[in-house]
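Engineer: Mind looking over this structure? Questions follow.
Protein chains: 2
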Amino acid sequence: MSPQPERRQITGFSNPTVKYLRSLREKKHRKAAGKFLAEGLRLLTDARECGHLPEMLVMASGRGPHPLLDTLEREVLAAGGDVIETSPDILSKITGKANPQAVAGVFAEFDTSLAALNRGKAKIWLVAQALRDPGNLGTMLRTGDAVGAGGLILIDDCADPFSVEAVRASMGAIFTQHVAQARWEEFLPWLRSGEGQLVAASLRDAVPYRAAPYQTPCYILVGNESQGLPEEYEMACDLRVTMPMMGRADSLNAAVAGAVLAYEVLAALDS
Amino acid sequence: MSPQPERRQITGFSNPTVKYLRSLREKKHRKAAGKFLAEGLRLLTDARECGHLPEMLVMASGRGPHPLLDTLEREVLAAGGDVIETSPDILSKITGKANPQAVAGVFAEFDTSLAALNRGKAKIWLVAQALRDPGNLGTMLRTGDAVGAGGLILIDDCADPFSVEAVRASMGAIFTQHVAQARWEEFLPWLRSGEGQLVAASLRDAVPYRAAPYQTPCYILVGNESQGLPEEYEMACDLRVTMPMMGRADSLNAAVAGAVLAYEVLAALDS
Numbered sequence: 000m001s002p003q004p005e006r007r008q009i010t011g012f013s014n015p016t017v018k019y020l021r022s023l024r025e026k027k028h029r030k031a032a033g034k035f036l037a038e039g040l041r042l043l044t045d046a047r048e049c050g051h052l053p054e055m056l057v058m059a060s061g062r063g064p065h066p067l068l069d070t071l072e073r074e075v076l077a078a079g080g081d082v083i084e085t086s087p088d089i090l091s092k093i094t095g096k097a098n099p100q101a102v103a104g105v106f107a108e109f110d111t112s113l114a115a116l117n118r119g120k121a122k123i124w125l126v127a128q129a130l131r132d133p134g135n136l137g138t139m140l141r142t143g144d145a146v147g148a149g150g151l152i153l154i155d156d157c158a159d160p161f162s163v164e165a166v167r168a169s170m171g172a173i174f175t176q177h178v179a180q181a182r183w184e185e186f187l188p189w190l191r192s193g194e195g196q197l198v199a200a201s202l203r204d205a206v207p208y209r210a211a212p213y214q215t216p217c218y219i220l221v222g223n224e225s226q227g228l229p230e231e232y233e234m235a236c237d238l239r240v241t242m243p244m245m246g247r248a249d250s251l252n253a254a255v256a257g258a259v260l261a262y263e264v265l266a267a268l269d270s
Numbered sequence: 000m001s002p003q004p005e006r007r008q009i010t011g012f013s014n015p016t017v018k019y020l021r022s023l024r025e026k027k028h029r030k031a032a033g034k035f036l037a038e039g040l041r042l043l044t045d046a047r048e049c050g051h052l053p054e055m056l057v058m059a060s061g062r063g064p065h066p067l068l069d070t071l072e073r074e075v076l077a078a079g080g081d082v083i084e085t086s087p088d089i090l091s092k093i094t095g096k097a098n099p100q101a102v103a104g105v106f107a108e109f110d111t112s113l114a115a116l117n118r119g120k121a122k123i124w125l126v127a128q129a130l131r132d133p134g135n136l137g138t139m140l141r142t143g144d145a146v147g148a149g150g151l152i153l154i155d156d157c158a159d160p161f162s163v164e165a166v167r168a169s170m171g172a173i174f175t176q177h178v179a180q181a182r183w184e185e186f187l188p189w190l191r192s193g194e195g196q197l198v199a200a201s202l203r204d205a206v207p208y209r210a211a212p213y214q215t216p217c218y219i220l221v222g223n224e225s226q227g228l229p230e231e232y233e234m235a236c237d238l239r240v241t242m243p244m245m246g247r248a249d250s251l252n253a254a255v256a257g258a259v260l261a262y263e264v265l266a267a268l269d270s
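For the record, the sequence lines run as chains D and P. Going by numbering that gives the first Met the number 0, the residue at position 254 of the first sequence is 253; the numbering climbs one at a time, nothing skipped. Going by numbering that gives the first Met the number 0, the residue at position 176 of the second sequence is 175; the numbering climbs one at a time, nothing skipped.
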């Protein structure tokens, strides 16, 4: 009989596994390894229920027993993954948080090609161009989950959707929303090769966002936090809509603009 | 004739003014001084146009001439304020940003008592309870400006609205939106002493947020990022509304929830 796979203990900061885990907080190391970190029992449970088990599960020692964590540990070991127990201090170094959640997991990054995207699966897709803030990116994933979107398509140079900050802000939606990454020059022909209305939140030549003629499937495009969308991109859209701006500001936070628009589209397509 | 007030040069990191400015990145020092930092020419220009001049203006040396900055400098000096020129390195230490904007200003904190709030001034007010993230707080200020809200009322222990992060995320709305801070026990009697419908984004005993019976003036209450609103607070509301949650998540980012609801209220009150 082969030995039962079991939990390993790690106690030193200089342990190679700890170094590897810490390295995943940096984009270049994530890309080299093709892995990313997600933390928290709730998030890992969401991931598991969506069919994603971590390859490596890291738990803080001294935690109380928890049935969901026990299940997770058993399944990770059964799938041939690693389960590691370490001190809360080391876990805090790994996640970069002073008070880390009691558990974190390492996952393989997903295929983010447009080709992997099943465009028939949803009526709403979110599209972000040059979105630089990982918190905004994660928030858009979370909003996408809430409005029943299929996923988030990241155009041009965006924040890394697999960064700890984006994964955290997504509140688990990184596992429910499809993420694709593409240059605008790839995205537009891909979009036009099938059905889809491209809608931009815009200030140029736009109609009011309430009761605009939204069509399904609807691709909702928001632009960079400080520059907005390039004019050329806006002009390629099928519909440009604008939200009231009653004060001095001429724009909303990118994730907020996407959400207000997405909820309007959801209501319009449902009615 | 008295000498013309003029710009001072500061070159050393250990200069007491630099130390003072850096200290304003910490809440306890802000509270002790009653001052806060805001950065960027656009933000400072917005502030000026709203009647707020910085007491101290700090500029990076080597910047090109700019008419708006020249105006600002002249007005600050005329009002008896300080104008300081320093190196981009020192400015970056002050603002905590690798690539700081070329200018920052020190402002006196505003009166955040409920008593100072002119409740007749607007039809919409945003209210946040135990909002912990300064980025969310600033984003709510920005949204408030966009929907024509009067301001943001912070209930219980929230992030500091005068933190560099909140001011930055507000994109200038810290100068257009009234900010008040109060405990729930103060807020509720204050609210009930005048007109106002208190509306919560809620999952409990709630009606759909679309076409709910909103009334003016409408106070839109959102809860803490991870806990939501205490049940007691929700029960004290005049109206509880819920947004569709089509996916696995049961909530939105707090600033997003506030914005989706605020835009719905704006549309309802206008129609």
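Backbone N, C-alpha and C fix where the C-beta goes; we use that ideal spot for every residue, glycine too.
Indicate whether at least one CB of chain P lies closer than 7 Å to the CB of residue 24/D.
Structural biologist: No, because no Cβ of chain P sits closer than 7 Å to the Cβ of residue 24/D.
Engineer: Using a Cβ-Cβ cut-off of 6 Å (strictly less than) and excluding sequence neighbours within five positions of residue 258/P, which residues of its own chain qualify?
Structural biologist: Closer than 6 Å at the Cβ level, and outside the excluded window around residue 258/P, lie 142.
Engineer: Please compile the residues from chain D whose C-beta is within a distance smaller than 9 Å of the C-beta of residue 156/P.
Structural biologist: Neighbours of residue 156/P on chain D: none; closest Cβ ~16 Å, over 9 Å.
Engineer: Give the DSSP bridge partners of residue 179/D, in chain order.
Structural biologist: Residue 179/D pairs with 152/D.
Engineer: Is the shortest distance between the beta-carbon of residue 98/D and the beta-carbons of chain P less than 7 Å?
Structural biologist: It does not; no Cβ of chain P falls within 7 Å.
Engineer: With respect to the beta strand (DSSP E) encompassing residue 81/P, which residues constitute its N-terminal and C-terminal limits?
Structural biologist: 81–85 is the extent of the beta strand (DSSP E) around residue 81/P.
Engineer: So, does the CB of residue 206/D fall closer than 7 Å to a CB anywhere in chain P?
Structural biologist: Closer than 7 Å: no.
Engineer: Along chain D, in chain order, which residues have C-beta atoms closer than 7 Å to that of residue 147/P?
Structural biologist: Those are 245 and 246, listed as they occur along chain D.
Engineer: Indicate whether residue 140/P and residue 196/P have their beta-carbon atoms separated by less than 7 Å.
Structural biologist: No, these two residues do not count as a Cβ contact at 7 Å.
Engineer: By DSSP, does residue 36/D sit in helix, in strand, or in coil?
Structural biologist: In this structure, residue 36/D counts as strand in the three-state DSSP scheme.
Engineer: Within the 7 Å Cβ cut-off, does residue 314/D reach chain P?
Structural biologist: Residue 314/D falls outside the range modelled here, since chain D spans only 0 to 270, and no answer is possible.
Engineer: Can you look up residue 223/D in the DSSP assignment and give me helix, strand or coil?
Structural biologist: Looking at residue 223/D - three-state DSSP - the assignment turns out to be strand.
Engineer: State the DSSP-derived secondary structure class of residue 242/D, mapped to helix, strand or coil.
Structural biologist: Three-state DSSP puts residue 242/D in coil, outside helix and strand.
Engineer: Drop a sphere of 10 angstroms on the beta-carbon of residue 217/D, count the other beta-carbons inside from all chains shown, and report buried for 16 or more, exposed for fewer.
Structural biologist: Counting Cβ neighbours within 10 Å, residue 217/D comes out buried, since at least 16 surround it.
Engineer: If the cut is a Cβ gap below 8 Å, which residues of chain D does residue 142/P touch?
Structural biologist: Near residue 142/P (Cβ distances below 8 Å), the residues of chain D are 251, 252 and 255.
Engineer: Give me the DSSP bridge partner(s) of residue 207/P.
Structural biologist: DSSP, once it has assigned bridges, lists 241/P as partnering residue 207/P.
Engineer: Between the segment 173–201 of chain D and chain P, which residues of the former have a C-beta closer than 7 Å to a C-beta of the latter?
Structural biologist: Residues passing the 7 Å Cβ filter: 175.
Engineer: Please list, in chain order, the chain P residues whose beta carbon lies closer than 8 Å to that of residue 209/D.
Structural biologist: The answer, in chain order, is 266.
Engineer: Using the Cβ count rule (16 or more neighbours within 10 Å means buried), how would you classify residue 188/D?
Structural biologist: Flag for residue 188/D reads exposed.
Engineer: Just list the residues that DSSP pairs residue 218/D with in beta bridges.
Structural biologist: Beta-bridge pairing links residue 218/D to 124/D and 197/D.
Engineer: Tell me, which residues are paired with residue 105/P by DSSP?
Structural biologist: Per DSSP, 36/P and 55/P.
Engineer: Which residues bound the beta strand (DSSP E) around residue 7/D?
Structural biologist: That run of the beta strand (DSSP E) goes 7–9.
Engineer: Can you confirm whether residue 107/P, when its beta carbon is compared against all beta carbons of chain D, has any partner nearer than 7 Å?
Structural biologist: It does not; no Cβ of chain D falls within 7 Å.
Engineer: Where does residue 292/P sit, in a helix, a strand or coil, going by DSSP?
Structural biologist: This structure leaves residue 292/P out entirely; chain P is present only between 0 and 270.
Engineer: Less than 6 Å separating the Cβ of residue 90/D from some heavy atom of the ligand NAD?
Structural biologist: For the ligand NAD, the structure offers nothing, since it holds no ligand at all.
Engineer: Please confirm if the segment 151–165 of chain D is in contact with the segment 74–85 of chain D, defined as three or more CB-CB distances below 8 Å between the two stretches.
Structural biologist: The segment 151–165 of chain D vs the segment 74–85 of chain D: no contact.
Engineer: Can you find a C-beta in chain P that's less than 7 Å from the C-beta of residue 276/D?
Structural biologist: Shown here, chain D extends from 0 to 270; a query on residue 276/D therefore has no answer.
Engineer: When you compare the segment 119–127 of chain P with the segment 229–241 of chain P, are there three or more beta-carbon pairs, one atom per stretch, that lie closer than 8 Å?
Structural biologist: Not touching, per the Cβ criterion.
Engineer: Please report the distance separating the alpha-carbon of residue 132/D from that of residue 224/D.
Structural biologist: Those two C-alpha atoms are separated by around 8 Å.
Engineer: Name the chain P residues whose beta carbon is nearer than 8 Å to that of residue 271/D?
Structural biologist: Since the first residue shown for chain D is 0 and the last is 270, residue 271/D is missing from the structure and cannot be characterised.
Engineer: For the alpha helix (DSSP H) that contains residue 140/D, what are its first and last residues?
Structural biologist: Its alpha helix (DSSP H) spans residues 133–145.
Engineer: What in chain P is Cβ-close to residue 259/D, meaning under 7 Å?
Structural biologist: In chain order: 258, 259 and 262.
Engineer: Have a look at 164/P, 103/P and 89/P and flag the residue whose alpha-carbon is nearest the alpha-carbon of residue 18/P.
Structural biologist: The candidate whose alpha carbon is nearest that of residue 18/P is 89/P.
Engineer: To the nearest angstrom, how far is the alpha carbon of residue 119/D from that of residue 184/P?
Structural biologist: Spanning the two alpha carbons is a distance of roughly 51 Å.
Engineer: Should residue 40/D and residue 67/D be called a contact, given that it needs their Cβ atoms to be closer than 7 Å?
Structural biologist: Yes, they are a contact pair.
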